[in-house]
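Data block below; observations after.
Residue numbers (UniProt numbering): 1 to 262.
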């Protein structure tokens, strides 16, 4: 595993009040293209410089194109600055062409005990054997990002198809860096497509992703449950829930992705 931290590979350099220089790492790619959660976290890090609030609470991203590793630019536009929450728009550009657009809500995360949570999935995720996901996916697709993170799943991804459309795993960042609200935006898109529990496919590109950060996690790896719900018309929707090691829900997300079968 690399010793480069997630904070470093999502670092931003402010150029003007609303523009930032970034470098998209080739090490955080799937099939040679940067992971969507990695891109969202990078845009959010730039937004946090401008937000005036400490924590990202919600993010919604549309992926317009798949950027290449290398230099890029993030443009942040404040939309509303409130006393308790602020909203911003972020855009990732490469060579002057928009690659992803995102909306963010920033505020302050609460440490309160949840009032009600019976609508959540069971957080007790058993990962028997803890097999680490390799850096080569089904069909020989290079998944360089798996050499950076420590992702261990409950079954060999792409080699076992239970038909549940579900992948469960433990996720750790490089150099054992603790998760924070920004890196949780990566955690909700870190696992392989849950469709690999149904059938092997090629690339499953994210079209839209919406994430909520619910709490600050305790130090250590996080537990992740990734589920597919409906495959139809060349698209699939997936949900993701992330808990810290104490069983506290810290992030959740839904996404719509393209998929090619057969």
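Where is the CB? At the ideal position from N, CA and C, for every residue including glycine.
Tell me whether residue 191 sits in a helix, a strand or coil according to DSSP, three-state version.
Numbered from its first residue, the chain shown carries residue 191 at position 191. Correct three-state label for residue 191: coil.
With contact counted as at least three CB pairs below 8 angstroms, one residue from each stretch, are the segment 150-165 and the segment 39-50 in contact?
The segment 150-165, when compared against the segment 39-50, does not touch it at the 8 angstroms Cβ threshold.
Assess, as a yes-or-no matter, whether the segment 210-222 is touched by the segment 67-82 under the definition of 3 or more beta carbon pairs within less than 8 angstroms.
At 8 angstroms Cβ cutoff, the stretches do not touch.
Relative to the alpha-carbon of residue 235, which residue among 226, 250, 248, 260 has its alpha-carbon at the smallest distance?
Taking the first residue of the chain shown as 1, we reach residue 235 at position 235. With distances taken between Cα atoms, residue 235 lies closest to 260.
Over what stretch of residues does the alpha helix (DSSP H) that includes residue 38 continue unbroken?
If you number the chain shown from 1, residue 38 lands on position 38. Run containing residue 38: 36-51, per the alpha helix (DSSP H) assignment.
Determine, using beta carbons only, whether residue 188 and residue 211 come nearer to each other than 8 angstroms.
In the chain shown, residue 188 corresponds to position 188, counting from 1. In the chain shown, residue 211 corresponds to position 211, counting from 1. A contact, by the Cβ cut-off of 8 angstroms.
Quick check on this structure: which residue in 175, 228, 106 has the alpha carbon closest to the alpha carbon of residue 57?
Residue numbering aside, residue 57 sits at position 57 when the chain shown is read from its first letter. Minimum Cα distance to residue 57 is reached at 106.
Start and end of the alpha helix (DSSP H) containing residue 86?
Along the chain shown, one-based indexing puts residue 86 at 86. Taken as a continuous stretch (DSSP letters only), residue 86 belongs to no alpha helix (DSSP H), being part of the beta strand (DSSP E) at 86-94.
Classify residue 186 as helix, strand or coil using the three-state DSSP reduction.
Reading the chain shown from its first residue, position 186 is the one you call residue 186. Three-state result, residue 186: helix.
Report buried or exposed for residue 158, applying the criterion of at least 16 other Cβ atoms within 10 angstroms of its Cβ.
Indexing the chain shown from 1 puts residue 158 at position 158. Its Cβ being crowded by 16 or more others within 10 Å, residue 158 is buried.
Are residue 266 and residue 26 touching if we call contact CB-CB under 8 angstroms?
Not covered by the structure: residue 266. The range shown for the chain is 1 to 262.
Going along the chain, which unbroken runs of the beta strand (DSSP E) with 3 or more residues stay wholly within the segment 118-149?
Here no run is fully enclosed.
Just the Cα atoms here: how many angstroms apart are residue 44 and residue 104?
Counting from 1 along the chain shown, the entry for residue 44 is found at position 44. Counting from 1 along the chain shown, the entry for residue 104 is found at position 104. Going by the C-alpha atoms only, they are around 7 angstroms apart.
Under a three-way DSSP split, which group does residue 156 fall into?
Numbered from 1 along the chain shown, position 156 holds the residue referred to as residue 156. Note: residue 156 maps to coil in three-state DSSP.
Could you pull the start and end residues of the alpha helix (DSSP H) that residue 8 belongs to?
On the chain shown, position 8 is the one that residue 8 refers to. Counting along the chain, the alpha helix (DSSP H) containing residue 8 begins and ends at 6-9.
Give the C-beta separation of residue 93 and residue 18 to the nearest angstrom, bearing in mind that I take them to be a contact with Cβ-Cβ under 8 angstroms.
Your numbering for residue 93 matches position 93 in the chain shown. Your numbering for residue 18 matches position 18 in the chain shown. So it is not a contact: roughly 12 angstroms between Cβ atoms.
What would DSSP say about residue 28, mapped onto helix, strand or coil?
By 1-based counting over the chain shown, the position of residue 28 is 28. The answer is helix: DSSP assigns residue 28 an H, G or I state.
What does DSSP give as the partner residues of residue 13 in its beta bridges?
Along the chain shown, one-based indexing puts residue 13 at 13. In the DSSP output, where bridge partners are listed per residue, residue 13 has 21.
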